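Engineer:
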Amino acid sequence: MEKFEFFLDNNVFITNNFDINSLHDFVEMANENDLGFNLMSHSFPYPYTEEDALFFIDQEREMGGEIFSLDLYIYFNGRIAGVIGLKDIDYLNNRAHIGYWIGKKYRNRGIATAAVGLVSNVAKTYFGMHTLYTKVLVNNIPSINVLLKNRFEISGIEKDAFFFKNIYYSAYIFNKILY
Numbered sequence: 003m004e005k006f007e008f009f010l011d012n013n014v015f016i017t018n019n020f021d022i023n024s025l026h027d028f029v030e031m032a033n034e035n036d037l038g039f040n041l042m043s044h045s046f047p048y049p050y051t052e053e054d055a056l057f058f059i060d061q062e063r064e065m066g067g068e069i070f071s072l073d074l075y076i077y078f079n080g081r082i083a084g085v086i087g088l089k090d091i092d093y094l095n096n097r098a099h100i101g102y103w104i105g106k107k108y109r110n111r112g113i114a115t116a117a118v119g120l121v122s123n124v125a126k127t128y129f130g131m132h133t134l135y136t137k138v139l140v141n142n143i144p145s146i147n148v149l150l151k152n153r154f155e156i157s158g159i160e161k162d163a164f165f166f167k168n169i170y171y172s173a174y175i176f177n178k179i180l181y
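When the letters of the sequence shown are read in order and numbered with the numbering used here, they come out as residues 3 to 181.
#1: Alpha carbon to alpha carbon, how far is lysine 167 from proline 47? Give it in angstroms, no decimals.
#2: Work out the CA separation of arginine 111 and proline 144 for me, nearest whole Å.
#3: Give the single residue among Leu150, Phe28, His132 whose Cα lies nearest to the Cα of asparagine 95.
#4: Could you tell me the distance, in whole angstroms, from the CA atom of alanine 1 to the CA atom of alanine 83?
#5: Determine, using beta carbons only, whether isoleucine 86 and valine 121 come nearer to each other than 7 Å.
#6: Find the nearest neighbour of isoleucine 179 within the set Tyr171, Ala116, Asn19, Arg97, judged by alpha-carbon distance.
#7: For lysine 107, I'd like the list of residues in its chain whose CB is within less than 6 Å of its CB, leaving aside the five on either flank, ordered along the chain.
#8: Can you name the residues that DSSP bridges to aspartate 92?
#9: Figure out for me which residue from Ile104, Leu56, Gly130, Phe57 has the closest Cα to the Cα of valine 148.
#10: Whose C-alpha, out of Phe78, Phe165, Asn79, Tyr93, is nearest the C-alpha of glycine 2?
#11: Can you tell me where the alpha helix (DSSP H) with glutamate 53 in it begins and where it stops?
#12: Take the Cβ of methionine 42 as the centre, count every other Cβ of all protein chains shown within 10 Å, and call the residue buried at 16 or more, exposed below.
#13: Counting contacts by CB-CB distance shorter than 7 Å, is serine 157 in contact with chain B?
#14: Does the separation of the CB atoms of lysine 151 and threonine 127 fall below 7 Å?
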């Protein structure tokens with residue numbers, strides 16, 4: 003896969019080339035007991051191990067020369083701070099799912115907002131995407147704000163979208179038309 007590298011400012015670097023020296027920090031950052039909940043994922047393991055991280059890092063993202071998934075690692079001051087990516091890249095309908103997470107100690111610094119803006123531009127210019135979409139739990143105010151600052155629009159609400167610990171949670175559906 004082609005190498006992607008972007009400098010957002012002097013402190014933030016985004017790349018699809020994982021620095022294996024960051025493995026311990028990556029595992030520590032991913033070991034937040036509410037991360038799977040906020041990602042609306044039952045498959046995000048907790049506790050998170052080095053084996054889990056290596057499985058994620060090494061997974062296939064390309065088939066027949068066509069990229070179907072792009073994961074970018076966010077570094078802040080040289081330390082791994084989060085992940086952002088495009089999934090389900092649909093070249094027929096020119097749309098993709100955008101997802102991201104930032105480690106707790108790196109939140110509220112504008113990193114996610116800048117990264118979502120950058121990846122939106124990558125989706126448009128490199129992949130020719132017309133639309134990005136995602137879902138966010140209605141109580142995840144920081145993530146909602148990241149999307150709104152990047153001109154995503156709430157296009158609906160999915161009631162009882164996620165079942166976790168015997169409770170149903172609703173999610174906003176966000177879309178952004180890129181051109």
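Built from N, CA and C at the ideal position, the CB exists for glycine as well. All values derive from a computational prediction rather than experimental measurement.
Structural biologist: Per the coordinate set shown:
#1: Your numbering for residue 47 matches position 45 in the sequence shown. Your numbering for residue 167 matches position 165 in the sequence shown. Cα to Cα, the separation comes out at about 15 Å.
#2: Locating residue 144 in the sequence shown gives position 142, counting from the first residue. Locating residue 111 in the sequence shown gives position 109, counting from the first residue. For proline 144 and arginine 111, the distance between alpha carbons rounds to 11 Å.
#3: The residue labelled residue 95 in the question sits at position 93 within the sequence shown. Ranking the options by Cα distance to asparagine 95, first place goes to His132.
#4: Not covered by the structure: residue 1. The range shown for the chain is 3 to 181.
#5: To locate residue 86, count along the sequence shown from 1; it is residue 84. To locate residue 121, count along the sequence shown from 1; it is residue 119. Taking 7 Å as the Cβ cut-off, isoleucine 86 and valine 121 qualify as a contacting pair.
#6: As a first step, residue 179 must be located in the sequence shown, where it is residue number 177. For isoleucine 179, the nearest C-alpha among the options comes from Arg97.
#7: Taking the sequence shown and counting its residues from 1, one reaches residue 107 at position 105. None.
#8: Here the question's residue 92 lines up with position 90 in the sequence shown. Note: aspartate 92 sits in a beta bridge opposite Arg97.
#9: Taking the first residue of the sequence shown as 1, we reach residue 148 at position 146. Nearest C-alpha to valine 148 among Ile104, Leu56, Gly130, Phe57: Ile104.
#10: Residue numbering for the chain in the displayed model covers 3 to 181; residue 2 lies beyond these limits and cannot be assessed.
#11: Here residue 53 is taken as the residue at index 51 of the sequence shown, counted from 1. Where glutamate 53 is concerned, the enclosing alpha helix (DSSP H) stretches over 52-60.
#12: Taking the sequence shown and counting its residues from 1, the one referred to as residue 42 is at position 40. Answer is buried; the Cβ neighbour count reaches 16.
#13: In summary, chain B is missing from the structure at hand, where a single protein chain is found.
#14: By 1-based counting over the sequence shown, the position of residue 151 is 149. By 1-based counting over the sequence shown, the position of residue 127 is 125. No, Cβ-Cβ distance for lysine 151 and threonine 127 is not below 7 Å.
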